[in-house]
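Residue numbers (our numbering), protein chains in the order written: chain S, -2 to 276; chain V, -2 to 276.
Protein chains: 2
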Amino acid sequence: MDTISVTRAHGGTQHVVKHRSRETGTDMTFSIFLPPAAEEGAPCPVLWYLSGLTCTHANVTEKGEYRRACAELGLIFVAPDTSPRGEGVPDDPAGAYDFGLGAGFYVDATQAPFDRHYRMATYVTDELPELVASVFPIDLQRQAITGHSMGGHGALTLALRHPGHYRSVSAFAPIVAPGRVPWGQKALGGYLGQDRATWRGHDAVALIEDGARVPEILVDQGAADSFLAEQLRPDLLAEGCRAAGIPLTLRMHEGYDHSYYFISTFMDDHLRWHAERLR
Amino acid sequence: MDTISVTRAHGGTQHVVKHRSRETGTDMTFSIFLPPAAEEGAPCPVLWYLSGLTCTHANVTEKGEYRRACAELGLIFVAPDTSPRGEGVPDDPAGAYDFGLGAGFYVDATQAPFDRHYRMATYVTDELPELVASVFPIDLQRQAITGHSMGGHGALTLALRHPGHYRSVSAFAPIVAPGRVPWGQKALGGYLGQDRATWRGHDAVALIEDGARVPEILVDQGAADSFLAEQLRPDLLAEGCRAAGIPLTLRMHEGYDHSYYFISTFMDDHLRWHAERLR
C-alpha cells in the first residue's frame, strides 16, 4: 500500500491510498477517513461509499461533506474507485461514459475482455475490507454500505447478495432495476452477457423478487433529477419492497438534482442512520 | 447578469453567476448561496468569502462545506473570483501562480499594464455588493468578510480600509503583512509600484500600525501549513493587534495544512461567529 496523501480534517485524518489489487490486477486508489476515535486505536464501524458513473474516490472525498459527522459519530468512511484503470484495462469501445472505465457497476464480469480486470464486486466485498482491516482499526463485524446512482445500485445489490455482511444499506438516487433501464442493460449485457437470467442476481428489484432480503433500506432521491424517470426508477424499488415486506424509507426531495449538492445535503442523515444501526 | 447554474442544496439555492464588470472591464463569475430565509424574500446578512492564490469561485463552492450552517443561520454567502480573466488581461510575464491571473490580491492596481483590469478592491467593496443587492435580498447594512490566504489578506485589508463597511472580519491562514513576505512584495510591487510607502495601505499589519481599526478579528491557522513561516506570519498580526489593543482570537491547529480540508473544518465556527455579530 502506498499513501498518496494524509490530511488532518475535522479532528480526524483523511487518507488517500493506492495499492495493487489481486482482484482487478491493477493499481487501485481509495480514500479513507479516520475519525478521532479510530486514531486513538479503537476499532470503529465502517461505511463503504460506492460512487457513480465517471467518478473516482475523489468526488465524494472533496464534495461529500461527510467528515464532520463521521468524526462526531466515530465512523470510518471508505470510498473506492468505480472501476479498474490503467494500461491494458479495456474500456467502452466508443469511449462512452456509461461502460468501462469509471463504470464498473460493482459486478464481477464474466465476458471477455472485461472478465480479467472488472471484478469490482469481489474487490469491494472481500479484498478491500481485508486490506483495510490489516492496516486501519476497522471493526469488520460492523460494516454498512451506501452509494450514489450506479454506486447506489452497487450498495443495494451487494447488501442483498451478502446477507449479514452489511448491517445496514442506504442509497442516494440509486439505479434500482438495471435490467429494465438503458444504463443497466448496456452494462449488465457487456459484463455478464446477453442471457438476462444472469442479470437478476445483480438487479436490486429482481433480487428482492427472487427472495433476497435486507432488514430495511433508506433512499433519498431528488425530484428534479434528470435521470429519475429513465434510469433510476425508485418506484420499482418501492413496489418490490412493498411486495416483499422490506421496510423502505424513500424520500423524494422537490427541486434537488443528481449532483453532489444533493448528496451533501442528505449525507448527514445517512451517516446518522447508519451509525444508529452500527451501534 | 447571466445565470450559469442554480442548484438546490441544504434547503437553499446555490447560484453561479457571470456578469460584465464595470471595474475590471471583463466578465466576472461569482457564486452566491441563498439560505431558505432569503428565498422567502427576507433581506439577509451577507458574508463575502475571498479566495486564495490560483482559486476561482469554484473551490470554496465545492469544498468549503458552508451551506448547511448558512442555511441554518440565514446567511448569504458570496464567493467572487480572485482576479479579472479573459482576452487582453495581462498575466504574470512568466506565468507564475502568485501574480496576475488568479492572484489579484484585492487591490486596485496603479501600474501599467495592470491598472486597466486589476481593480479587485473596488470590485469587491463597491461594484459587487451593489450588483448583488439589485437582484438578491441582501441587507447591505449587515455585511461581513472573510477569506483564505491571499483572500484572508483581502478580507483584513478591506475591513481595515473601510471602517464600518463590514460588521465583522475573520480569516483562514491569511497573509497578514504582504510588505514583509515574498508573495506580497512581488504582488504589491507589481500592482502598486516600488514605492513601499504606498504598500502600507494594503498591508493589514501596517494599516493597524498606522491607526486603522476593526472591532475584533478571528483567525484560524494550521500549524502544519507549509506557508506559515515564510508567507503568512500570523505572529506579526498578533503583535500588531496587541500593540493596538484590537482583540484578536488567533487559533493555531496542530497538524492542519493550508488546504480546504483545513478550511472546511473551521468554516462552521467562522459562520457562527459572523452570524452572531450580524444579528
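Idealized CB from N, CA, C, for every residue including glycine.
Cβ-based neighbour list, residue i, same chain, cut-off 7 Å, excluding 5 preceding and 5 following
| i | result |
| --- | --- |
| alanine 235 (chain S) | Leu245 and Leu247 |
| isoleucine 260 (chain S) | Gly61, His145 and Phe169 |
| aspartate 207 (chain S) | Arg197 |
| alanine 109 (chain V) | none |
| valine 211 (chain S) | Ala156, Leu157, Val166 and Ile243 |
| alanine 221 (chain V) | Gly252, Tyr253 and Asp254 |
| glycine 219 (chain S) | Ala170, His250, Tyr253, Asp254, His255 and Phe259 |
| tyrosine 163 (chain S) | Gln140, Ala141, Ile142 and Ala156 |
| glycine 83 (chain S) | Thr23 and Asp24 |
| glutamine 228 (chain S) | Ile172, Val178, Pro179 and Trp180 |
Residues of its chain near residue i, where Cβ-Cβ distance is below 6 Å and the 5 sequence neighbours each way are ignored
| i | result |
| --- | --- |
| glutamate 20 (chain S) | Arg116, Thr119, Tyr120 and Glu124 |
| threonine 195 (chain S) | Leu189 |
| histidine 7 (chain V) | Arg64, Arg65 and Ala68 |
| leucine 204 (chain S) | Leu157 |
| aspartate 112 (chain S) | Ala106 |
| alanine 91 (chain V) | none |
| alanine 152 (chain S) | Leu47, Ile142, Thr143, Gly144, Val166 and Ala168 |
| leucine 233 (chain S) | Val173, Ala174 and Val202 |
| isoleucine 1 (chain S) | Val13 and Lys15 |
| glycine 97 (chain V) | Asp88 and Asp89 |
N- and C-terminal bounds of the beta strand (DSSP E) containing residue i
| i | result |
| --- | --- |
| valine 75 (chain S) | 73 to 76 |
| arginine 248 (chain S) | 245 to 250 |
| phenylalanine 169 (chain V) | 165 to 169 |
| leucine 137 (chain S) | 135 to 144 |
Neighbourhood of residue i by C-beta distance below 8 Å, restricted to the same chain and skipping five residues each side
| i | result |
| --- | --- |
| threonine 10 (chain V) | Val3, Thr4, Phe30, Leu31 and Glu36 |
| aspartate 136 (chain V) | Pro40, Cys41, Pro42 and Val43 |
| leucine 50 (chain V) | Thr79, Tyr94, Asp95, Gly99, Ala100, Ser146, Met147 and Trp180 |
| serine 223 (chain V) | Asp254 and His255 |
| leucine 128 (chain V) | Met(-2) and His16 |
Chain V residues whose Cβ lies nearer than 8 Å to that of residue i
| i | result |
| --- | --- |
| lysine 60 (chain S) | Glu59 and Lys60 |
Secondary structure of residue i, DSSP reduced to three states
| i | result |
| --- | --- |
| glycine 97 (chain V) | strand |
| arginine 274 (chain V) | helix |
| threonine 195 (chain V) | helix |
| cysteine 41 (chain V) | strand |
| alanine 174 (chain V) | coil |
| glycine 219 (chain V) | strand |
| threonine 122 (chain V) | helix |
| methionine 264 (chain S) | helix |
| alanine 91 (chain S) | coil |
| phenylalanine 27 (chain S) | strand |
| valine 3 (chain S) | strand |
| leucine 225 (chain V) | helix |
| tyrosine 46 (chain V) | strand |
Amino acids of chain V, ordered along the chain, whose beta-carbon sits closer than 9 Å to that of residue i
| i | result |
| --- | --- |
| glycine 85 (chain S) | Chain V residues near glycine 85 (chain S): none, gap ~33 Å exceeds 9 Å. |
| serine 261 (chain S) | Ala6, His7, Glu62, Arg64 and Arg65 |
Listed by chain order, chain S residues near residue i by CB distance under 9 Å
| i | result |
| --- | --- |
| tyrosine 258 (chain V) | Thr4, Arg5, Ala6, His7, Gln11 and Arg64 |
| aspartate 254 (chain V) | Thr4 and Arg5 |
Span of the alpha helix (DSSP H), counted from its first residue to its last, around residue i
| i | result |
| --- | --- |
| methionine 147 (chain S) | 147 to 158 |
| isoleucine 205 (chain S) | 201 to 206 |
| aspartate 232 (chain S) | 231 to 241 |
| arginine 116 (chain S) | Unbroken run through arginine 116 (chain S): none, as it is neither H nor E. |
| glycine 9 (chain S) | Not the alpha helix (DSSP H): glycine 9 (chain S) falls in the beta strand (DSSP E), residues 9 to 17. |
| threonine 58 (chain V) | 54 to 60 |
| leucine 185 (chain V) | 179 to 189 |
| alanine 66 (chain V) | 64 to 70 |
| alanine 34 (chain S) | 33 to 36 |
Anticipated Cβ contact below 8 Å, residue i with residue j, distance rounded
| i | j | result |
| --- | --- | --- |
| glycine 341 (chain V) | proline 126 (chain V) | Residue 341 (chain V) is absent from the structure shown; chain V starts at -2 and stops at 276. |
| threonine 154 (chain V) | histidine 199 (chain V) | 5 Å |
| histidine 255 (chain V) | serine 165 (chain V) | Their Cβ separation, rounded to whole angstroms, is 23 Å, which puts histidine 255 (chain V) and serine 165 (chain V) out of contact at 8 Å. |
| proline 171 (chain V) | alanine 184 (chain V) | Contact doesn't hold; Cβ gap of about 14 Å is too wide. |
| isoleucine 48 (chain S) | glycine 148 (chain S) | Note on residue identity: the sequence assigns serine, not isoleucine, to residue 48 (chain S). The pair is a contact, with the Cβ atoms about 5 Å apart (cut-off 8 Å). |
| alanine 76 (chain V) | histidine 271 (chain V) | Not a contact, Cβ separation roughly 14 Å. |
| valine 86 (chain S) | histidine 54 (chain S) | Contact flag wrong, Cβ pair sits at about 17 Å. |
| methionine 25 (chain V) | histidine 16 (chain V) | 6 Å |
| valine 178 (chain V) | methionine -2 (chain V) | No, valine 178 (chain V) and methionine -2 (chain V) are not in contact; Cβ-Cβ is about 37 Å, not under 8 Å. |
| threonine 122 (chain V) | histidine 150 (chain V) | Not confirmed; about 14 Å, so no contact. |
| arginine 269 (chain S) | leucine 70 (chain S) | 7 Å |
| glutamate 59 (chain V) | glutamate 59 (chain S) | 6 Å |
Minimum Cβ-Cβ distance from residue i to chain C less than 8 Å
| i | result |
| --- | --- |
| glycine 85 (chain S) | Protein chains S and V are contained in the structure displayed, whereas chain C is not. |
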